[in-house]
Amino acid sequence: MTVTVMTIKLYAPWVHSLKEKRKIVKGLCEKLRHKFHVSVIESDAQDIHQTIVVSVAYLTDHAAAADSIGEAIRGFIARSADAEIVDIREEKR
């Protein structure tokens, strides 16, 4: 069994208020939960307007399945997020 936690840092230079940022974060989290059935939270930089940090956690039976889901999540965020991916960190246990 593999537990994976991905932390994704995004940069949205056009965001000028926390209200705009919350809208982006809420939409991204809902899409990830619905599409991949994962746990998602905004995990850092809550008070910084242009920086978005979300953590995604999921459980799989095999490491290969975890890798596949991780790639799908990265691709989904790259295509659908209204922000640029700055960093992705992944921890597996």
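Going by our numbering, the sequence shown opens with residue 3, and the numbers climb by one from there. The C-beta atom is built at its ideal place from N, Cα and C for all residues, glycine as well. Model, not experiment: these values are computed from the prediction.
{"Item": "On the premise that S45 lies in contact with S57, defined as a C-beta separation below 8 Å, what is that separation, rounded to the nearest angstrom?", "Value": "4 Å"}
{"Item": "So, at 8 Å on beta carbons, what are the nonlocal neighbours of D63 in its own chain, with the 5 sequence-adjacent residues on each side left out?", "Value": "M3 and T4"}
{"Item": "Keeping to the same chain, check which residues put their C-beta closer than 7 Å to that of E92; ignore five residues upstream and five downstream.", "Value": "T6, M8 and G72"}
{"Item": "Are the CB atoms of R35 and V27 nearer to each other than 7 Å?", "Value": "no"}
{"Item": "Is the distance from the Cβ of L12 to the Cβ of I50 below 7 Å?", "Value": "no"}
{"Item": "Which same chain residues end up closer than 7 Å to A83 when comparing Cβ atoms and leaving out the 5 residues on each side of it in sequence?", "Value": "L12 and L30"}
{"Item": "For the region 3-79, list the alpha helix (DSSP H) runs that are entirely contained and at least 4 residues long, ordered along the chain.", "Value": "20-38"}
{"Item": "Expressed to the nearest angstrom, what Euclidean distance is found between the alpha-carbon atoms of P15 and R81?", "Value": "17 Å"}
{"Item": "Can you give me the C-alpha to C-alpha distance between I75 and K37, rounded to a whole angstrom?", "Value": "9 Å"}
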